[in-house]
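The working numbering puts the first residue of the sequence shown at 386, with every later residue one more than the last.
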Amino acid sequence: LKNLDVETVEGDLKDRDSLKWALKDCKYLFHVAADYRLWVPKAEDSYQNNVTGTENLMEEAINSEIEKIVYTSSVAVLGKPINGDIANETTPVSKDQMIGHYKKSKFIAEEKVKELYKKRRLPVVIVNPAAPVGPRDIKPTPTGKMILDAAMKKIPAYLDTGLNIVHVEDVAKGHLQAFHKGKLGERYILGGENLSFKEILEMISVLCGHNPPKIQLPRKPLYPIGYIFEIFARLFNLKNPMLTVDMIRMAEKKMFFSSEKAKKELNYKYKTAKSAINDAIKWFIDNGYCRNVNLV
Numbered sequence: 386l387k388n389l390d391v392e393t394v395e396g397d398l399k400d401r402d403s404l405k406w407a408l409k410d411c412k413y414l415f416h417v418a419a420d421y422r423l424w425v426p427k428a429e430d431s432y433q434n435n436v437t438g439t440e441n442l443m444e445e446a447i448n449s450e451i452e453k454i455v456y457t458s459s460v461a462v463l464g465k466p467i468n469g470d471i472a473n474e475t476t477p478v479s480k481d482q483m484i485g486h487y488k489k490s491k492f493i494a495e496e497k498v499k500e501l502y503k504k505r506r507l508p509v510v511i512v513n514p515a516a517p518v519g520p521r522d523i524k525p526t527p528t529g530k531m532i533l534d535a536a537m538k539k540i541p542a543y544l545d546t547g548l549n550i551v552h553v554e555d556v557a558k559g560h561l562q563a564f565h566k567g568k569l570g571e572r573y574i575l576g577g578e579n580l581s582f583k584e585i586l587e588m589i590s591v592l593c594g595h596n597p598p599k600i601q602l603p604r605k606p607l608y609p610i611g612y613i614f615e616i617f618a619r620l621f622n623l624k625n626p627m628l629t630v631d632m633i634r635m636a637e638k639k640m641f642f643s644s645e646k647a648k649k650e651l652n653y654k655y656k657t658a659k660s661a662i663n664d665a666i667k668w669f670i671d672n673g674y675c676r677n678v679n680l681v
């Protein structure tokens, strides 16, 4: 943001006063902040950041008479068809289906936002991005770390699962389209291509010029290993254990989604997953995240 003509204001989603100050003289709000960690040593952190933080910001937005809000939810809160079909905005879902504290906290947060829309006329449009991939993934996010690890040949095997991969720049454009064209109280999936994990790893291998992993692992034997990784993470204060129980549980269903509603109502478009992954790896290489990795 340094080279842009914008005023930056620091705040804390848990500090209502800082949010009130940040919203002063604003007409519109994009709430894109979230605690995107699939494993946390303290579960309450996810709920404080994603649920309480969202409630605080939405309450202050009402108090500040914000005219329109785009709230960034996630496809993680959407339902998964029992027969394995591709999900959309109307696929039935319940809190009990949410695996892990990230998904549960985002589900509760979206429910709070919808409740404020119904009861207090919160002027909000909800967007549900899929797995965003691309440049400037500083941390990186769990999705970005998967791409990075695969590029560095750190993923020796795979599970039978799948993701919807979308270029992060398309997600950003989708937010603007939701702001300009989205209907209040509606939600829109901002996704890209549905790919199996095997297909994603093969795509990364082709881009980086090495062989993809050939071994598909069964899930059940992995659960004890997941528990062990979590124990080590807690003992040694590790931020990103390679495998957790929730990761294995999430892999039981393919995260496949349709963006047809956004395409029809917002004129939403998306690039190929290959271009998203290519741009992500190029940024990781250019910024020193991975050595001995080259795009071919």
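Positions of the beta carbon are idealized from the N, C-alpha and C atoms, including for glycine. Computed from a predicted structure; not experimentally measured.
Counting only the Cα atoms, Leu398 lies some 19 Å from Lys412. Exposed is the label assigned to Leu569, since fewer than 16 other Cβ atoms lie within 10 Å of its Cβ. Counting only runs that start and end inside the segment 400-430, the alpha helix (DSSP H) elements of at least 4 residues fall at 401-407. Taken atom to atom, the span from the alpha-carbon of Thr657 to that of Asp470 is near 21 Å. Note that the C-beta distance between Phe492 and Thr546 is not below 7 Å. For Leu586, there is no enclosing beta strand (DSSP E); the enclosing alpha helix (DSSP H) has its first and last residue at Phe582 to Cys593. Counting the other Cβ atoms within 10 Å of the Cβ of Ala542 gives fewer than 16, which makes it exposed. With fewer than three CB-CB distances shorter than 8 Å, the segment 608-615 does not count as touching the segment 400-411. Of all alpha-carbon atoms in Gln433, Asn549 and Lys497, the one lying nearest the alpha-carbon of Ile662 is that of Asn549. Within the same chain, and ignoring the five residues on either side of Asp664 in sequence, the residues whose Cβ sits closer than 6 Å to its Cβ are Gly519 and Pro520. The DSSP-derived three-state label of Gly547 is strand. In this chain, the beta strand (DSSP E) harbouring Ala516 covers Ala516 to Val518. Within the same chain, Ala542, Tyr543 and Leu544 come within 8 Å of Leu602 by CB-CB distance, once the 5 residues on both sides are set aside. Contact annotation, Ile589 with Ile532: C-beta distance approximately 7 Å; criterion of less than 8 Å satisfied. Listed as beta-bridge partners of Phe642 by DSSP are Ala472.
By the Cβ test, the segment 612-623 is not in contact with the segment 555-564, since fewer than three Cβ pairs between them sit closer than 8 Å.
DSSP lists Tyr543 as the beta-bridge partner residues of Gln601. Counted as a single uninterrupted DSSP element, the beta strand (DSSP E) harbouring Ile454 occupies residues Lys453 to Thr457. Residue pairing by DSSP places Asn579 opposite Asn549 in a beta bridge. Following the DSSP letters along the chain, one finds Met632 inside the alpha helix (DSSP H) bounded by residues Val630 to Met635. Residue pairing by DSSP places Ile616 in no beta bridge whatsoever. For Glu496, the uninterrupted alpha helix (DSSP H) segment begins and ends at Gly485 to Arg505.
Around the Cβ of Asp390, a 10 Å sphere holds fewer than 16 other Cβ atoms; the residue is exposed. 7 Å or more divides the Cβ of Glu474 from the Cβ of Arg604.
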